[in-house]
Amino acid sequence: TTICAKVCPYLAFWRLIVECSSCRRMAKTSMPLADGDHEAFKTVTTENATKYWGAVDATLDGVLGGYAQVSSPDAESSLAFAGHLLQGKELGRALDCGAGIGRITRDVLIKLARKVDLVELVPKYVDQAKKDLADHPRMGEFFTSSLQEFMPAEAHYDLVWIQWVIGHLTDEELVAFFIRCKKSLRPGGWIVVKDNNCSPTEPGIIDGRYLVDNDDHSVMRTNKVVKELFTAAGLQVQKEVRQTRFPAELCTVRMYALQPVNE
13 TTICAKVCPY
23 LAFWRLIVEC
33 SSCRRMAKTS
43 MPLADGDHEA
53 FKTVTTENAT
63 KYWGAVDATL
73 DGVLGGYAQV
83 SSPDAESSLA
93 FAGHLLQGKE
103 LGRALDCGAG
113 IGRITRDVLI
123 KLARKVDLVE
133 LVPKYVDQAK
143 KDLADHPRMG
153 EFFTSSLQEF
163 MPAEAHYDLV
173 WIQWVIGHLT
183 DEELVAFFIR
193 CKKSLRPGGW
203 IVVKDNNCSP
213 TEPGIIDGRY
223 LVDNDDHSVM
233 RTNKVVKELF
243 TAAGLQVQKE
253 VRQTRFPAEL
263 CTVRMYALQP
273 VNE
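Be aware that the sequence shown starts at 13, since it is given in this note's numbering, and climbs by one per residue.
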């Protein structure tokens, strides 16, 4: 879980297997789904992510890339965004994906749901989250897993929150993960994605779509590409908001509220 500055861009196990209806949606995207052979994703692997983040301190400043000061405005904006979706309704169960040390669980999700599960790749981050949150009455399960391999229970969650982590999955892996998240929703449930966007004219951008971070081996996508992947997964954007109150040097951050397309 991290953010990025413009001067240092934000930061293949599962293959996509979908029904014919999903295949038709994918055909509508402007380019095929990029996999690990694509130029932008050659170093986007679980091994590289584990190696990089395993060397980063399990602290607020560590997981936020030296920008701990954005934590409060980030959480406040996320709560406001979720409030528009939920209209005062308390959720039964939520899932925090790429949870890091549990910052979003602590500052956002346990204020919205009666139970919150989290999934994180790096074991020491999960350990820190357990130290901070295991005794909280609203905490549920702590999963140590990559999102490529994680299989959320079907029809289990009212809200799935995915923040500052999608750059560590190829397009194929991300669409497959979105589909699994979609299946994990209860009726009326939501998926929220919050992440950085690059400009299609950004220096160094590949195919006008992808900006690679060679330090943490992640890829930032344009707003257009992110929405193409939502469509490929059978998800519809119900609300989109650009994050404000962040330092000017940081990349654009958007929040997307998603629900399954009626099939």
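Note that the Cβ used here is the ideal one computed from N, Cα and C, for glycine as well.
- The Cβ neighbour count for Gln81, taken over all protein chains shown within 10 Å, is under 16; the residue is labelled exposed.
- Residues Val120 of the same chain have their beta carbon placed closer than 6 Å to that of Ser90, with the five preceding and five following residues left out of the count.
- Minimum Cα-Cα distance from Ala67 among the listed residues Ser211, Leu133, Ala87 and Ala125 corresponds to Leu133.
- Cβ contact annotation for Leu97 (same chain, cutoff 7 Å, sequence separation greater than five): Trp202, Lys251 and Ala269, in chain order.
- Residue environment: Asp219 is assigned as exposed (fewer than 16 neighbouring CB atoms within 10 Å of its CB, all protein chains considered).
- Of all alpha-carbon atoms in Val237, Leu197, Glu214 and Thr213, the one lying nearest the alpha-carbon of Thr182 is that of Val237.
- In the DSSP secondary-structure assignment, Phe162 is not bridged to any residue.
- Taking a cut-off of 8 Å on C-beta distances, the stretch 160–169 touches the stretch 195–212, as three or more cross pairs fall below it.
- Each residue's CA atom was taken as its position, placing Ala61 and Leu124 some 30 Å apart.
- When the beta-carbon positions are compared, Val172 and Arg150 stay at least 8 Å from each other.
- According to DSSP, Cys109 shares a beta bridge with Val131 and Ile174.
- With a cutoff of 8 Å on beta-carbon distance, Leu145 and Gly112 are scored as not near each other.
- At least 8 Å separates the beta-carbon of Thr156 from that of Val177.
- Here DSSP, grouped into helix, strand and coil, assigns Lys251 to strand.
- A Cβ-Cβ separation of about 20 Å leaves Thr264 out of contact with Asn226 under the 8 Å criterion.
- Restricting attention to Lys54, Ala106, Glu59 and Lys142, the CA atom closest to the CA of Ala70 is found in Lys142.
- Ranked by Cα distance from Pro199, the options Thr234, Gln271, Phe242 and Glu184 are led by Gln271.
- With a cutoff of 8 Å on beta-carbon distance, Met267 and Val204 are scored as near each other.
- Counting along the chain, Arg115 sits inside the alpha helix (DSSP H) bounded by residues Arg115 to Asp119.
- Following the DSSP letters along the chain, one finds Cys193 inside the alpha helix (DSSP H) bounded by residues Asp183 to Ser196.
- Straight-line measurement puts the Cα of Arg126 at about 6 Å from the Cα of Leu103.
- Scanning the stretch 196–254 for uninterrupted beta strand (DSSP E) segments of 3 residues or longer gives 197–210, 222–225, 230–234 and 247–254, listed from N- to C-terminal end.
- Around the Cβ of Ser84, a 10 Å sphere holds fewer than 16 other Cβ atoms; the residue is exposed.
- Residue state for Glu153 is assigned as strand, using DSSP reduced to three classes.
- Closest in C-alpha terms to Leu45, from the list Gln255, Gly74, Ala188 and Cys109, comes Ala188.
- Here Ile191 is not near Ala106, since their CB atoms are 8 Å or more apart.
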